[in-house]
Amino acid sequence: MRLSGHTALQIREKLLSREIQASDLVGQLFKWIKDIEPNVQAFITTCEKEALEKAVEIDKKIINRQKVGLLAGIPIAVKDNICTKNLTTTCASKILQNFIPPYDAFVVKRLKEEDAIIIGKTNLDEFAMGSSTENSGYKITRNPWNHECVPGGSSGGSAAAVAADFSFLALGSDTGGSVRQPAALCGVVGIKPTYGRVSRYGLIAFGSSLDQIGTFTKDVKDAALLLQVIAGYDSYDSTSAQVSVPDYLQRIESGVKGLRIGIPKEYFAGGLNTEVGVAVKDALKLYEKLGATVVDISLPHTEYAVAVYYIVANAEASSNLARYDGVKYGYRTGESRGIIDMYCRTRSEGFGNEVKRRIMLGNYALSSGYYDAYYMKASKVRNLIKSDFDAAFEKVDCIMCPTSPVPAFKIGERANNPLEMYLSDIYTIPANLAGIPGISIPCGFSKTGLPIGMQILAKHFEEKKILQIAYAFERETDFHLKKPALKGSTG
Amino acid sequence: MKIDKKTIEYIANLSRIELSNQEKETFVHQLSDILAYIEKLNQLNTQDIKPMAYSINTTNVLRDDKLEPPISREDALVNAPSTMGVFFKVPKVIE
Chain C
4 MRLSGHTALQ
14 IREKLLSREI
24 QASDLVGQLF
34 KWIKDIEPNV
44 QAFITTCEKE
54 ALEKAVEIDK
64 KIINRQKVGL
74 LAGIPIAVKD
84 NICTKNLTTT
94 CASKILQNFI
104 PPYDAFVVKR
114 LKEEDAIIIG
124 KTNLDEFAMG
134 SSTENSGYKI
144 TRNPWNHECV
154 PGGSSGGSAA
164 AVAADFSFLA
174 LGSDTGGSVR
184 QPAALCGVVG
194 IKPTYGRVSR
204 YGLIAFGSSL
214 DQIGTFTKDV
224 KDAALLLQVI
234 AGYDSYDSTS
244 AQVSVPDYLQ
254 RIESGVKGLR
264 IGIPKEYFAG
274 GLNTEVGVAV
284 KDALKLYEKL
294 GATVVDISLP
304 HTEYAVAVYY
314 IVANAEASSN
324 LARYDGVKYG
334 YRTGESRGII
344 DMYCRTRSEG
354 FGNEVKRRIM
364 LGNYALSSGY
374 YDAYYMKASK
384 VRNLIKSDFD
394 AAFEKVDCIM
404 CPTSPVPAFK
414 IGERANNPLE
424 MYLSDIYTIP
434 ANLAGIPGIS
444 IPCGFSKTGL
454 PIGMQILAKH
464 FEEKKILQIA
474 YAFERETDFH
484 LKKPALKGST
494 G
Chain V
309 MKIDKKTIEY
319 IANLSRIELS
329 NQEKETFVHQ
339 LSDILAYIEK
349 LNQLNTQDIK
359 PMAYSINTTN
369 VLRDDKLEPP
379 ISREDALVNA
389 PSTMGVFFKV
399 PKVIE
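Those sequence lines, one after another, are chains C and V.
Residue numbering for the first sequence follows the numbering used here, starting at 4 and increasing by one per position.
Residue numbering for the second sequence follows the numbering used here, starting at 309 and increasing by one per position.
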């Protein structure tokens with residue numbers, strides 16, 4: 004049975020009032036997953052047995068009136084670059100195909116403390132490097148709205164899992180848009196929190212100054228609920244922020260009267276799909292009707308963001324991925340002549356093409372003689388991009404723009420042109436460079452029935468404000484309630 | 309910036325990655341295209357701009373040197389491709 008039409012908060016009510024049992028819920032969910040998953044391919048690993056055991060345990064707690072956590076009995080999917088103790092974590096890479104983490108990531112520990120039920124690990128672009136989930140070393144995830152299209156990436160499996168009703172909630176990671184862009188392309192809500200808001204402990208590193216764990220949910224209130232659970236200080240992540248976490252659901256209905264919304268002209272220039280542009284502009288009109296003021300602003304260095312990102316992210320990646328050497332964990336080549344040869348063969352056989360391309364680009368940008376021209380130059384322009392946002396937020400409370408310049412594109416369409424693929428992150432990358440939070444919410448559909456997403460950005464640590472603004476729109480619209488038609492083998 | 313096959317071989321070696329001849333050809337083109345795009349950063353004068361590595365204020369994080377239970381030796385070795393007793397086993401390091 005398809006469990007659509009329910010959000011995590013609604014399911015929680017039903018579980019706590021004992022209208023339904025967690026074990027029934029999980030059982031039904033896995034029936035649906037088995038039926039539909041062959042057409043979507045959202046998961047690398049599912050863990051039905053463990054999920055059922057956990058559900059039985061939570062049912063007992065509820066029946067015995069024991070204290071239960073915020074996410075008691077709610078199924079959740081976790082991107083496969085987030086470490087789960089005793090559950091394979093591959094990063095969608097052959098080089099980690101048998102890796103079983105001996106510890107839980109901070110966010111996974113939090114999920115378990117709040118009694119969530121982990122149902123599986125979702126597909127991604129290998130090491131989160133990509134915008135379509137086509138770079139996975141295992142499988143290609145299909146967009147639930149149109150199986151010929153990509154779900155976006157790199158957290159494509161998590162976005163597809165929520166869109167296809169495989170899960171009520173999912174976690175992803177966002178280094179250059181990897182939560183917001185797939186959320187937009189799959190018609191779900193995705194948050195990238197402020198850098199430092201959520202601990203990266205146990206998130207397999209890609210670009211350490213940019214990576215941030217984020218959420219996928221069916222609506223804005225569920226996003227507030229899940230962010231509440233994973234946000235907060237962690238001494239195991241030295242960049243974790245010591246900033247108190249507000250109650251995200253409290254006063255989420257505050258509305259937008261008097262709000263000043265900045266519209267950056269650079270985000271509505273060439274390259275933007277007409278239907279996406281119209282959908283976002285319609286949304287802005289609604290915000291004006293709700294009492295907000297729209298202000299034209301400029302973020303003049305926007306056009307340099309992609310270039311900065313591909314130097315900074317790949318430089319950091321080339322260092323982070325140096326650890327995959329076939330010694331302590333992961334894949335090792337069969338035969339080799341000495342240790343250096345073993346490293347080279349292991350890495351050549353274990354990494355896919357996009358990962359190799361990025362490691363090479365990163366090492367080039369950091370190499371002797373090129374460091375100043377590339378890495379240092381990019382780090383300076385990064386400062387200019389952040390200053391653009393600082394100046395904008397002097398004038399406005401938030402910024403609104405499209406999440407992705409286009410709706411979901413066809414599988415294979417951009418696979419052979421890395422640069423074109425990189426440019427699909429043009430609207431999401433600047434927030435990572437500046438470290439600011441962003442949300443993508445559904446704001447329309449293309450003529451061919453593909454979801455369109457809109458992005459809301461605000462100052463560091465203003466997730467609560469972003470959620471209030473997003474909820475004001477969601478309350479007035481029904482884009483988030485539309486569901487893809489999905490048919491399985493049993494119809 | 310146009311890069312040639314020799315540069316690709318040099319970076320591949322730094323990256324500890326082996327490439328076939330065909331892969332080298334592909335990477336020469338793809339990395340040249342990407343670097344040509346990145347050249348646009350040179351349109352900007354950044355002489356007086358400070359480089360930025362982190363987007364939020366970061367400070368050195370210190371903690372008390374307290375003993376905490378570590379990951380056990382068995383757990384640390386369980387994912388290793390090759391072990392011998394309590395050690396990670398690797399091919400000969402000194403030629």
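Every residue, glycine too, gets a C-beta built ideally from N, C-alpha and C.
Quick caveat: nothing in here was measured; it's all calculated off a predicted structure.
From C:R68, C:F448, C:E477, C:K260, pick the residue whose C-alpha is nearest to that of C:N276; which is it? Ranked by Cα distance from C:N276, the first of C:R68, C:F448, C:E477, C:K260 is C:F448.
Going by the beta-carbon positions, is the gap between C:L90 and C:T48 smaller than 8 angstroms? The answer is yes: Cβ separation under 8 angstroms.
Following the continuous alpha helix (DSSP H) through C:C347, name the residue where it begins and the one where it ends. Counting along the chain, the unbroken alpha helix (DSSP H) around C:C347 starts and ends at 341–353.
Mind checking if C:V232 is an interface residue toward chain V, Cβ cutoff 8 angstroms exclusive? The beta-carbon of C:V232 is placed no less than 8 angstroms from the nearest beta-carbon of chain V.
So, does the region 386–405 of chain C touch the region 344–352 of chain C, judging by three or more C-beta pairs under 8 angstroms? The answer is no - the region 344–352 of chain C does not touch the region 386–405 of chain C, with fewer than three Cβ pairs under 8 angstroms.
Hey, does V:R381 have any beta-carbon neighbour from chain A nearer than 8 angstroms? No chain A is part of this structure, whose protein chains are labelled C and V.
Inspect the beta-carbon positions of C:V153 and C:T136 and report whether they are closer than 8 angstroms. Taking 8 angstroms as the Cβ cut-off, C:V153 and C:T136 qualify as a contacting pair.
DSSP state of C:G280, grouped into three classes? Residue state for C:G280 is assigned as helix, using DSSP reduced to three classes.
Inter-residue Cα distance where the pair is C:G415 and C:P421: Linking C:G415 to C:P421 through their CA atoms gives a straight-line distance of about 12 angstroms.
Using alpha carbons as the reference points, say which of C:L73, C:T218, C:E116 lies closest to C:A80. Per the Cα distances, C:T218.
Contacts around C:S407, its chain only, beta-carbon distance under 6 angstroms, and the 5 residues preceding and following it disregarded: Cβ neighbours of C:S407 beyond the five flanking positions: Q184, A187.
State the beta-bridge partners of C:V81 as determined by DSSP. C:K124, C:L174.
Is the beta carbon of C:C404 sitting closer than 8 angstroms to the one on C:V283? For C:C404 and C:V283, yes; Cβs fall inside 8 angstroms.
From the DSSP output, in three-state form, read off C:N435 for me. Note: C:N435 maps to helix in three-state DSSP.
Go through the region 386–466 of chain C residue by residue and report every complete run of the alpha helix (DSSP H) that reaches 4 residues or more, in order. Whole alpha helix (DSSP H) segments, 4+ residues: 421–425, 432–437.
Could you please give the first and the last residue of the uninterrupted beta strand (DSSP E) stretch that includes C:V111? Element bounds for C:V111: not the beta strand (DSSP E) but the alpha helix (DSSP H), 109–116.
Between the region 311–327 of chain C and the region 203–223 of chain C, can you find at least three pairs of beta-carbon atoms closer than 8 angstroms? At 8 angstroms Cβ cutoff, the stretches touch.
Suppose contacts are defined by Cβ-Cβ distances below 8 angstroms. Is C:M1 in contact with V:A320 by that definition? Residue numbering for chain C in the displayed model covers 4 to 494; residue 1 of chain C lies beyond these limits and cannot be assessed.
C:R77 and C:F169: beta carbons closer than 8 angstroms? Looking at the sequence shown, residue 77 of chain C is not Arg but Ile. No, these two residues do not count as a Cβ contact at 8 angstroms.
Cβ-based neighbour list, C:I66, same chain, cut-off 8 angstroms, excluding 5 preceding and 5 following: Hits under 8 angstroms: R21.
Along the beta strand (DSSP E) that carries C:G140, what are the first and last residues, could you check? First-last for C:G140: undefined, no H or E at that position.
Interface residues of chain C around V:P399 at Cβ under 7 angstroms? Near V:P399 (Cβ distances below 7 angstroms), the residues of chain C are S339, G341, I342, M345.
In angstroms with no decimal places, state the Cα-to-Cα distance between V:F335 and C:P410. Going by the C-alpha atoms only, they are around 29 angstroms apart.
Euclidean distance between Cα positions of C:K486 and V:N368: When rounded, the separation of the alpha-carbon atoms in C:K486 and V:N368 is 47 angstroms.
Exposed or buried, which one is C:A488 when buried takes at least 16 other CB atoms within 10 Å? The residue in question, C:A488, is exposed, as its Cβ has fewer than 16 Cβ neighbours within 10 Å.
State the start and end residues of the unbroken alpha helix (DSSP H) segment that holds V:R324. Careful: V:R324 lies outside any alpha helix (DSSP H) and carries neither H nor E.
Tell me whether C:E16 sits in a helix, a strand or coil according to DSSP, three-state version. Three-state result, C:E16: helix.
By Cβ distance below 6 angstroms, which residues in the same chain neighbour V:L339 in space, the five residues on each side in sequence not counted? These residues qualify, in order along the chain: I311.
Can you tell me which of the three DSSP states C:A316 falls into? Of the three classes helix, strand and coil, the one that applies to C:A316 here is helix, per DSSP.
Using a Cβ-Cβ cut-off of less than 8 angstroms, list which residues of the region 358–377 of chain C approach chain V; keep chain order. Answer in chain order: K359, R360, I362, M363, L364, N366, Y367, S370, Y377.
Buried or exposed: which applies to C:G494, given that a residue is buried once 16 or more other Cβ atoms fall within 10 Å of its Cβ? In this prediction, C:G494 scores a pLDDT of 45, lower than 50, which makes its location untrustworthy; no coordinate-derived value is stated.
Would you say the beta carbon of C:I85 is closer than 7 angstroms to some non-hydrogen atom of the ligand GTP? This structure simply doesn't include the ligand GTP, nor any ligand for that matter.
Can you find a CB in chain V that lies within less than 8 angstroms of the CB of C:I39? Not an interface residue.
For C:I33, which of helix, strand or coil comes out of DSSP? At residue 33 of chain C the sequence reads Phe, which differs from the Ile that was named. In the three-state scheme derived from DSSP, where H, G and I count as helix and E and B as strand, C:F33 is classed as helix.
Take the Cβ of C:T451 as the centre, count every other Cβ of all protein chains shown within 10 Å, and call the residue buried at 16 or more, exposed below. An exposed status is given to C:T451, since fewer than 16 other beta-carbon atoms sit within 10 Å of its beta-carbon.
From C:F476 to C:A320, what distance separates their C-alpha atoms? Rounded to whole angstroms, C:F476 to C:A320 spans 37 angstroms at the Cα level.
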